[in-house]
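Chemist:
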Amino acid sequence: MEIVILGAGQAAASMAAKLRTLGHDGGITIVGEETAPPYQRPPLSKAYLLGTMELDRLTLRGDDWWAENGITLRLGERATAIDRANKTVTTDKGLIRYDNLALTLGATPRRLPAMIGGELPGTHVVRNLADVDLLVDELERGRKLVVIGGGYIGLEAAAVARKIGLEVTLVEAAPRILGRVASEETANMIRALHQAHGVEIIEGVGLIRITGTDHAEGVELADGRLLVADFVICGIGVYPETALAAHAGLRIDNGIATDAQGRTSDPAIWAAGDCASFTTAAGQLRLESVGNAIDMAELVATNILGQSQGETSDYLPKPWFWSDQYDAKLQIAGLNSGYDRTVTRKGEHDHAGSVWYFRNNHLIAVDALNDGRAYMVGKRLIDAGRSPSPEQVETETDLKALMK
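Per UniProt numbering, the very first residue in the sequence shown carries number 1; after that it's consecutive.
1) For Pro388, which residues in the same chain have their Cβ closer than 6 Å to its Cβ, ignoring the five residues on either side in sequence?
2) Pull up the distance between the alpha-carbon of Val4 and that of Arg286, whole angstroms please.
3) For Gln261, which of helix, strand or coil comes out of DSSP?
4) Quick check: Leu120 and Ile210, are their CB atoms within less than 8 Å of each other?
5) Pull up the distance between the alpha-carbon of Lys346 and that of Arg373, whole angstroms please.
6) With distance defined between alpha-carbon atoms, name the residue in Asp230, Leu105, Ile202, Pro37 nearest to His124.
7) Looking only at its chain, what residues have a beta carbon closer than 6 Å to the beta carbon of Thr21, apart from the 5 residues adjacent to it on each side?
8) Can you tell me which residues form a DSSP beta bridge with Trp270?
9) Using a Cβ distance threshold of 8 Å, determine whether the stretch 40–53 contacts the stretch 157–170, with at least three qualifying pairs required.
10) What whole-angstrom Cβ distance do Gln10 and Arg41 have, given they're in contact under 8 Å?
11) Nearer than 7 Å: is that true of the beta carbon of Ala260 relative to any heavy atom of the ligand FAD?
12) Three-state secondary structure (DSSP) at Ile3?
13) Using the C-alpha atoms, what's the distance from Ile71 back to Ile30?
14) Can you give me the C-alpha to C-alpha distance between Thr104 and Ala8, rounded to a whole angstrom?
15) What residue does the alpha helix (DSSP H) around Asp295 start on, and which one ends it?
16) Give the C-beta separation of Leu73 and Trp66 to the nearest angstrom, bearing in mind that I take them to be a contact with Cβ-Cβ under 8 Å.
17) Thinking Asn292 and Gln261 are a contact (beta carbons under 8 Å), I'd like their distance in whole angstroms, please.
18) Under 8 Å, with one C-beta from each stretch per pair, do the stretch 362–378 and the stretch 324–331 reach the 3-pair mark?
19) Can you list, in chain order, the residues of its chain with a C-beta nearer than 6 Å to that of Tyr152? Leave out the 5 residues immediately preceding and following it.
20) Give a yes or no on whether 8 Å exceeds the smallest Cβ distance from Leu170 to chain D.
21) Could you name the residues of the same chain whose beta carbon sits closer than 6 Å to that of Trp320, not counting the 5 residues immediately before and after it, in chain order?
22) Please say whether Ile82 and Leu101 have beta carbons closer to each other than 8 Å?
23) Determine, using beta carbons only, whether residue 454 and Gly149 come nearer to each other than 8 Å.
24) Taking the straight line between their C-alpha atoms, what separation do you get for Gly76 and Asp92?
25) What first and last residue would you give for the beta strand (DSSP E) that runs through Gln10?
26) Short of 7 Å in beta carbon distance, which residues of its chain neighbour Val380, apart from the five on each side in sequence? Order them along the chain.
27) Of the choices Glu396, Glu391, Leu363, Thr397, whose alpha-carbon is the least far from that of Asp383?
28) Find the nearest neighbour of Gly26 within the set Ala245, Tyr98, Glu203, Leu112, judged by alpha-carbon distance.
29) Taking 8 Å as the threshold, find out whether the stretch 195–209 comes into contact with the stretch 168–175 through three or more Cβ pairs.
30) What first and last residue would you give for the alpha helix (DSSP H) that runs through Glu156?
31) Exposed or buried, what is Pro38 when buried is set at 16 or more other beta-carbons lying within 10 Å of its beta-carbon?
32) Please state the DSSP three-state secondary structure of Pro37.
33) To the nearest angstrom, report how far apart Thr213 and Ala182 are at their CA atoms.
34) Based on the DSSP output, what are the partners of Glu172 in its beta bridges?
35) Flag this pair as touching only if the stretch 297–317 and the stretch 350–357 have three or more C-beta atom pairs under 8 Å; answer yes or no.
36) Let me make sure I understand the geometry here. Which of Gln284, Ser337, Asp398, Ala268 has the alpha-carbon closest to that of Ser308?
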């Protein structure tokens, strides 16, 4: 059986490794547009951008591992079409036949429109190695950076820039930072952390345009302010890479839609990672995280090999996320969507604490800033489907007692 994987990131590497671990002895081909072998993306906006991690530490497997495991890497190659009837993929370098096809195409950063300066030189996004390599030359002490977007990517980039010694202003059009992904309590902790490190944060003010002719020179805001900038980083989110799947006639719903087992609307085509949504009782859910990329890809590998014997399983995610900013670590367990109550516990020192999310008095998620104990206890409770009451979380002095 020939298995072809389009996209060469974390999900692709995890899927290929799992296929070999499970004993698949047929062909495995990974096709990726970048020339680098599969690598970790989270450190790009953290350690790699800061210069404390080299490229060889980013890569997920050593160069010899791919050949030793009989996995073909076709890098620097772009897939342009899927012929579902003939089970072939057309790329800019030829035709590839498959028995089962897996789409691990990831996500693409949203960019500001060209008409407001989104394509001016000096306006950057942070998603892949090429993006970061362009950005590294801009990071010089004393320069002025404006970050557009108060999500995790923008906040991580701001933290790196401040550690290097740049002057940083972060602009968020929504009423507050982390508005889509975290509670007001968590946002307050993260805001205080950045302000303590000298970042100016402007919230609730929209962007008019990035100024400059041949290079970004500033950012004009809706309230009339003009922020001087030597360069700009846009961290305004991503969208799932679905164009190839849509052109092939696959169902799209919050990403490339799959059933609970990772199968798309074509039974020979599967999807995993940032580009894929999977069926849940509440509809199509899509997660953007390393944990999801690994877990979903490994499940798809298992289901591809087990389908002929009817041995397949549904995906039951156990979400976890993290974000490194300065010397602080934010760890997140569970999904906070639909929460109706939060409980905040103060940590043992400044810029430390945890926020516990409840829905109908049931624990569904925990954000822990510099509080590894709260994260581990919360994650174990969520993974086990157990829940202390909000009052217990609020008053219990010994977190471990919540496990009883």
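All C-beta atoms in this analysis are idealised placements derived from N, C-alpha and C, irrespective of residue type, glycine included.
Modeler: Judging by the given coordinates:
1) What you label residue 388 is simply residue 388 of the sequence shown in a count that begins at 1. Result list for Pro388: Leu402, in chain order.
2) If you number the sequence shown from 1, residue 4 lands on position 4. If you number the sequence shown from 1, residue 286 lands on position 286. Cα to Cα, the separation comes out at about 22 Å.
3) On the sequence shown, position 261 is the one that residue 261 refers to. Looking at Gln261 - three-state DSSP - the assignment turns out to be coil, as it is neither helix nor strand.
4) Taking the sequence shown and counting its residues from 1, the one referred to as residue 120 is at position 120. Taking the sequence shown and counting its residues from 1, the one referred to as residue 210 is at position 210. Taking the C-beta atoms as reference points, Ile210 is found nearer than 8 Å to Leu120.
5) As a first step, residue 346 is located in the sequence shown; it is residue number 346 there, counting from the start. As a first step, residue 373 is located in the sequence shown; it is residue number 373 there, counting from the start. Distance from the CA of Lys346 to the CA of Arg373, rounded to the nearest whole angstrom, comes to 12 Å.
6) Looking up residue 124 in the sequence shown gives position 124. His124 has its Cα closest to that of Asp230, out of Asp230, Leu105, Ile202, Pro37.
7) Here the question's residue 21 lines up with position 21 in the sequence shown. Closer than 6 Å at Cβ, skipping near neighbours: no residue.
8) Residue mapping note: residue 270 aligns to position 270 of the sequence shown, counting from 1. Ala102, Arg263.
9) Verdict: yes, contact present.
10) In the sequence shown, counting from the first residue as 1, residue 10 sits at position 10. In the sequence shown, counting from the first residue as 1, residue 41 sits at position 41. Taking 8 Å as the upper bound for CB-CB distance, Gln10 and Arg41 are in contact here, some 7 Å apart.
11) With respect to small molecules bound, the structure shown includes none, and the ligand FAD cannot be examined in it.
12) Taking the sequence shown and counting its residues from 1, one reaches residue 3 at position 3. Strand.
13) The residue you call residue 30 lines up with position 30 of the sequence shown. The residue you call residue 71 lines up with position 71 of the sequence shown. So the two alpha carbons sit approximately 7 Å from each other.
14) Numbered from 1 along the sequence shown, position 104 holds the residue referred to as residue 104. Numbered from 1 along the sequence shown, position 8 holds the residue referred to as residue 8. Their backbone Cα atoms lie some 7 Å apart in a straight line.
15) Taking the sequence shown and counting its residues from 1, one reaches residue 295 at position 295. Note, Asp295: alpha helix (DSSP H), 290–306.
16) Residue mapping note: residue 73 aligns to position 73 of the sequence shown, counting from 1. Residue mapping note: residue 66 aligns to position 66 of the sequence shown, counting from 1. Rounded to whole angstroms, the Cβ separation of Leu73 and Trp66 is 5 Å, and the two are in contact under 8 Å.
17) For this step, residue 292 is matched to residue 292 along the sequence shown. For this step, residue 261 is matched to residue 261 along the sequence shown. With a Cβ gap of about 15 Å, Asn292 and Gln261 do not count as contacting.
18) Cβ pair count under 8 Å is three or more, so yes.
19) Translated into positions along the sequence shown, residue 152 becomes position 152. The beta carbon of Tyr152 sits closer than 6 Å to those of Ser323, all from its chain and outside the five residues before and after it, given in chain order.
20) The structure shown contains no chain D; it holds only a single protein chain.
21) Counting from 1 along the sequence shown, the entry for residue 320 is found at position 320. Cβ within range, chain order: Gly291, Ala333.
22) For the purposes of this step, residue 101 is taken as residue 101 along the sequence shown, with counting starting at 1. For the purposes of this step, residue 82 is taken as residue 82 along the sequence shown, with counting starting at 1. With respect to Ile82, Leu101 sits close: the two C-beta atoms are nearer than 8 Å.
23) Because residue 454 is not part of the residues shown, which for the chain are 1 to 404, the question remains open.
24) The count along the sequence shown starts at 1 and reaches residue 76 at position 76. The count along the sequence shown starts at 1 and reaches residue 92 at position 92. Pairing Gly76 with Asp92, the inter-Cα distance amounts to about 10 Å.
25) Position 10 of the sequence shown, counted from the first residue, corresponds to residue 10. Here Gln10 belongs to no beta strand (DSSP E); instead the alpha helix (DSSP H) covers 10–21.
26) Counting from 1 along the sequence shown, the entry for residue 380 is found at position 380. Correcting the residue type first, residue 380 is Arg in the shown sequence and not Val. Around Arg380: Met403.
27) Counting from 1 along the sequence shown, the entry for residue 383 is found at position 383. It is Leu363.
28) Working through the sequence shown from its first residue, we reach residue 26 at position 26. Closest option to Gly26, Cα to Cα, is Tyr98.
29) Yes, the stretch 195–209 is in contact with the stretch 168–175.
30) Taking the first residue of the sequence shown as 1, we reach residue 156 at position 156. Per DSSP, Glu156 belongs to the alpha helix (DSSP H) from 152–164.
31) Along the sequence shown, read from residue 1 onward, the residue named residue 38 stands at position 38. Pro38 should be labelled buried.
32) By 1-based counting over the sequence shown, the position of residue 37 is 37. Coil.
33) By one-based count along the sequence shown, residue 213 stands at place 213. By one-based count along the sequence shown, residue 182 stands at place 182. Their backbone Cα atoms lie some 37 Å apart in a straight line.
34) The residue given as residue 172 occupies position 172 in the sequence shown. Paired residues: Glu203.
35) Contact annotation: the stretch 297–317 does not touch the stretch 350–357, with fewer than three C-beta pairs closer than 8 Å.
36) The count along the sequence shown starts at 1 and reaches residue 308 at position 308. Ranking Gln284, Ser337, Asp398, Ala268 by CA distance to the CA of Ser308 puts Ala268 first.
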